[in-house]
Each structure stands twice: as structure tokens, then as C-alpha cells.
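See below for the structure under consideration.
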Ligand SMILES: Cc1ncc(COP(=O)(O)O)c(C=O)c1O
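Numbering (the working numbering), first residue to last: 1 to 390.
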């Protein structure tokens, strides 16, 4: 607990439970700002590393690419999963060794593959014939893992059909990679982002293990299993602590796969979400008509300026208003832009204090992942989410 009483903070009696929240509490911000705590991220990395044991951790840079975070994680010995040339350059400039960066996007431009290869990267993802052809042409002899499409996800933010190939295509792709002179070292999958409990991995591991065992039986010398991300953050529903969660996932991998020579994981959300909080402001509280069941509460941040993951109300953030001691009631929460899609929570209204009014500060908790990196450059003239690393 960083703040304990109303007297500590005058008119703004927040009950901050993290350093990021306490930092927001004590300062003024003139635009929506994500405050994120690098020490908390380093601690999270160590906890996950303890749980995941011998698995190599490649932080999924897309979750939050703030240069200070990348540099801190590089100094901690973390590796990186990059989705683009820009993310590779960011990791390199933060001090990461090229051999510690994997190019994990299955959709890469040929010239970006050439850049990565030239920079010294040695590990790439693919899920299609043409991608293997590009790799053979522009990163000859490199290591490649094949991403498998999985169906059994129970994640709050599933990654759906866009990535991976059907299990039946895995062996032909491994064979093609070998024919092209690539080192087809393994398989990858993603269980779906925000998979709240480790036990939810079991059906996906079962699917992928069948593909793994069949490929090995067919003579493919698989050695690397990339288990992707999916490690959860706390958004109100209970989640296991990262060390316990990681250890349980590794236990399940042993059950389904037996001994795997190399395991790697690509946590994004689970590394950074709980280290960050957003300072935002209420812009308007209104009712559409006197008989309206719910108030509308409009914030200065919305779907286009950092809260994209409220799409389909999938990720449900928690809020601090400093009015927690006042009576509360349900409201529809919306962003500030002139786009009717910019409604955050309507199907399941949010409970907020009835006294909330324009100008009030509001803190969005555990918002360090997929917020700043999702903000548009200035839709409607609203600035993108500012980031302060403490
Ligand atoms: C290839 C890959 N790895 C890792 C991640 C990170 O996932 P998460 O934030 O659920 O840990 C993603 C997220 O989109 C991804 O696409």
C-alpha cells in the first residue's frame, strides 16, 4: 500500500497499491499518461524465470516497446521476440545481442528478413510456403520454427485463425524448410492472450503435442518448442502468481511432450501489464434522457488512444477514482472521440461513484500492456497515450 488515508492526499484520497499508482497520485498530467515501473517489470521477469525454469524468456516487445523497458530487460538477461524491423532495431539499440532476438512474426517483408539476417538474428517464425521461400532467399541456413494453428483456446483475448498453419501442413512445411537448406528446429503456438489459469493450457498442449510427436516419428529432428505468450495479468478476476503459473505450465509441457531439448516462451502482457497505470480524466457525465437507466461517463482516453483491448469488452480494466468511499452505480463508459465505436463498456456496465464529474482524475489499473503501443497518432486530434517510465 502506498497511500493509506485521505489526509495523506488531501482532496484525492486514492488507495494506490503500486508504485505507478502512487506516482500518478502525486502529480498532475495534462494528457492521458501511462506510468510504468521498470523495477516491477524486472521483478516480474525474475518471478516468471523462476517458474519457467529452463525455458528461455523472449519478451514480446509489442506489449510495451518503451525503450527504457527494453534496456532494463536486456540488462536483466531477458531475450526478445520482435515483430518487425523497428522492434529489432529497438532491441539492438537497447543492448540486446542479435542471437537473443527472435523474429516471431509469421508475416515478414523480404527486405526486413534480409536486414535481420544481416544484423545477426538466427531464429525466425513461419507458417506458410512463401514465407519459407523468403527465409531461404534472404536468411539462408537460418533456424526456423513452424507456427501451429490451435483451436481450443480459453483465453480472454484469443489470437484466432490469423496465425499458424493447420496441423496437417506442419510436416510438409518442415520438409520444405529442410529442402530449402533451412534448419527446421521446432514448433510454436500461442495459447491466446490472457489465459487466466495454467490448467487452461491443457487442451492446446494436447493439440500441439500430437503434431510434435507425429513430426518426430516421421523423422523431423525437432528440438525447440516455442510456447508463445498467454501469461495473464490481474484485471479483477483471480489469476495465479507468475512463478506458480509458469511452473504449472512447464509441468504440463513435460506431461504432454516428454523431454523437449529447448523450450522458449514469449510473455508480453504477463510481464508488463501490472507494472503500469494510466492517469486519465473524466470529460463528461451525462444521461441521454431523464428515464435513462445508466449514466454515460466519457473519459479523455478511449479505444483509439490506448484502450483498444476493450474491443468486445474483452479486457475489463479496473478503475480508481478517489471516491471509493462514496455510493456508486452502473454506467456506460466511453472515450472522447467522435466515433461511435469508441464505447468501452456498455454490454456490461461499469460500477463507478455516483458523484463522479467532469474534471475528476481517474486511474486505470494494471494497464501497462497493449495500451501505449495500440494508441493512434492523434485520431480527432486527441494525443496518443504519453508514457513515463519510473
Ligand atoms: C508471436 C507472439 N508471441 C507472444 C505474444 C505475447 O502474448 P501475451 O501478451 O499474451 O503474452 C504475442 C501477442 O500477440 C504474439 O503474437
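Even for Gly, the Cβ is constructed at its ideal location relative to N, Cα and C.
These numbers come from a predicted model, not from an experiment.
Every alpha helix (DSSP H) stretch that sits fully inside the region 201-288 and reaches 4 residues is listed by chain position as 202-217, 242-257 and 269-272. Looking at the DSSP output, residue 351 shares a beta bridge with 330. Ranking 238, 47, 30 and 60 by CA distance to the CA of residue 361 puts 30 first.
Nearest Cα to residue 69 within the set 189, 95, 52 and 342: 95.
In this structure, the straight-line span from the alpha carbon of residue 298 to that of residue 43 is close to 35 Å.
Ligand 1 approaches residue 62 closely enough that one of its heavy atoms is under 7 Å from the residue's Cβ. Looking at 165, 293 and 122, the one whose alpha-carbon comes closest to that of residue 81 is 122. Here residue 191 carries a coil assignment [DSSP, helix/strand/coil]. Under the three-state reduction of DSSP output, residue 99 falls in the helix class. Judged by DSSP secondary structure, residue 117 falls within the alpha helix (DSSP H) whose first and last residues are 110-119.
Within the region 9-67, the complete alpha helix (DSSP H) runs of at least 4 residues fall at 19-25 and 38-52.
Per DSSP, the continuous beta strand (DSSP E) segment holding residue 388 begins and ends at 386-389. With a cutoff of 8 Å on beta-carbon distance, residue 279 and residue 332 are scored as not near each other. Sequence-distant partners of residue 204 (beyond 5 residues in either direction) whose C-beta falls short of 6 Å from its own C-beta, in its chain, are 150, 152 and 191. About 7 Å separates the CB atoms of residue 142 and residue 183; that is less than 8 Å, so the two are in contact. Beta-bridge partners assigned by DSSP to residue 165: 148. DSSP places residue 335 in the coil class of the three-state scheme, outside both helix and strand. The beta carbon of residue 346 is closer than 7 Å to those of 332 in its chain, skipping five residues each way along the sequence. If you check the C-beta of residue 213 against ligand 1, you find no heavy atom less than 7 Å away. At a cut-off of 7 Å, the beta-carbon of residue 159 counts as near ligand 1: some heavy atom of the ligand is closer than that.
Contact check between the region 129-149 and the region 193-201: fewer than three CB pairs, one atom from each, fall below 8 Å, which does not count as touching.
Assigned with DSSP and collapsed to three states, residue 368 falls in coil, not helix or strand. Following the DSSP letters along the chain, one finds residue 123 inside the beta strand (DSSP E) bounded by residues 123-126.
Remark: the shortest separation between the CB of residue 274 and any heavy atom of ligand 1 does not fall under 7 Å. Annotated as proximal: residue 186 and residue 223, with beta-carbon spacing under 8 Å. Around residue 267, the same chain offers 48, 57, 59, 60, 229 and 231 as residues with beta carbons nearer than 7 Å, after the five sequence neighbours per side are excluded.
By the criterion of at least three beta-carbon pairs nearer than 8 Å, the region 377-386 is in contact with the region 33-43. Annotation for residue 45: 57, 59, 73, 76, 78 and 271 place their beta carbon closer than 8 Å to its own, counting only its chain and skipping 5 residues before and after. With a cut-off of 7 Å, the C-beta of residue 266 is classified as near ligand 1, since at least one heavy atom of the ligand falls inside that distance.
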